[in-house]
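Remarks on the structure that follows.
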Amino acid sequence: MTEIREEQQEECQEIRQVIVAAFGGDTEANLVELLRDRNKAPVALIAVSDNKIVGHVMFSPVTITLAPKAFRAVGLAPLSVLPEFQRQGIGSILVREGLKKCAAAGFEMAVVLGSPYYYPRFGFSRASLYGLGNEYDTDEHFMAIELKDGALDKVSGIVRYSSEFKECGC
63 MTEIREEQQE ECQEIRQVIV AAFGGDTEAN LVELLRDRNK APVALIAVSD NKIVGHVMFS
123 PVTITLAPKA FRAVGLAPLS VLPEFQRQGI GSILVREGLK KCAAAGFEMA VVLGSPYYYP
183 RFGFSRASLY GLGNEYDTDE HFMAIELKDG ALDKVSGIVR YSSEFKECGC
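What follows is the structure, given as structure tokens:
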């Protein structure tokens, strides 16, 4: 049985190992550490199986150029699952639980830059359909989901990730 819960400070090194193994490098792990150190990770969950961390997901705040001042949105990045635990639904559970936590924390929408074959199963759809673009100049891979009814009707413009993404080369 896989348990999903919030990450703890003492688990940071094991989480780093999961991310490096999932991505085959340390860029995303460095990003997670930077966001965590700067308190820019309001939702960060781990998947634990047999007392071993096998997956991790992080959500960090994003800004939108033409959004109302009080509008709160997050970006999902990164999602990591150990290679030997992939294709078992762990990533899906992490995404679903993470989105629930983001909604409960008052975020109105989430965005992701990822596979258009994977993320629509959670309700994500092409962000450009709602007048949203991104600083990475990609369209079909950039998706959004409402966490609060009507949220995507309130915004348009360019979504910008935290400066830590550029600092880490993401």
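According to my numbering, the sequence shown holds residues 63 to 232 in order.
Just so you know, even glycine gets a beta-carbon here, dropped at the ideal spot from N, CA and C.
Keep in mind it's a predicted model, so treat the numbers as computed, not measured.
Backbone secondary structure at residue i - three-state DSSP
i              : result
glutamate 72   : helix
arginine 183   : helix
asparagine 101 : coil
proline 130    : coil
asparagine 92  : helix
valine 82      : helix
leucine 191    : helix
proline 178    : coil
leucine 107    : strand
glutamate 146  : helix
Cβ-based neighbour list, residue i, same chain, cut-off 7 Å, excluding 5 preceding and 5 following
i              : result
leucine 96     : Glu226, Glu229, Cys230
glutamate 159  : Ile66, Leu107
isoleucine 155 : Thr64, Ile66, Ala109
alanine 83     : Leu144, Pro145
Extent of the continuous alpha helix (DSSP H) run through residue i
i             : result
arginine 158  : 152-166
glutamate 226 : 225-229
Cβ neighbours of residue i in the same chain (closer than 6 Å, five flanking residues each side left out)
i            : result
tyrosine 181 : Val174, Met205
glycine 195  : Ile220
Cβ-based burial, residue i [other Cβ within 10 Å; buried from 16]
i                 : result
asparagine 101    : exposed
alanine 132       : exposed
serine 122        : buried
glutamate 72      : exposed
phenylalanine 147 : buried
glutamate 69      : buried
lysine 162        : exposed
serine 224        : buried
glutamate 202     : exposed
leucine 191       : exposed
Own chain residues within Cβ distance below 8 Å of residue i, not counting five before or after
i            : result
arginine 183 : Ser154
lysine 28    : The structure shown does not extend to residue 28, since the chain is modelled only from 63 to 232, so the question has no answer here.
N-terminal and C-terminal residue of the beta strand (DSSP E) that residue i is part of
i                 : result
proline 140       : 135-143
alanine 213       : Per DSSP, alanine 213 belongs to no beta strand (DSSP E) and is neither H nor E.
phenylalanine 204 : 204-208
glycine 87        : Taken as a continuous stretch (DSSP letters only), glycine 87 belongs to no beta strand (DSSP E), as it is neither H nor E.
Examine the Cβ distances between the stretch 139-146 and the stretch 110-128 and report whether three or more of them are shorter than 8 Å. The answer is yes - the stretch 110-128 touches the stretch 139-146, with three or more Cβ pairs under 8 Å.
Flag this pair as touching only if the stretch 158-168 and the stretch 203-217 have three or more C-beta atom pairs under 8 Å; answer yes or no. yes
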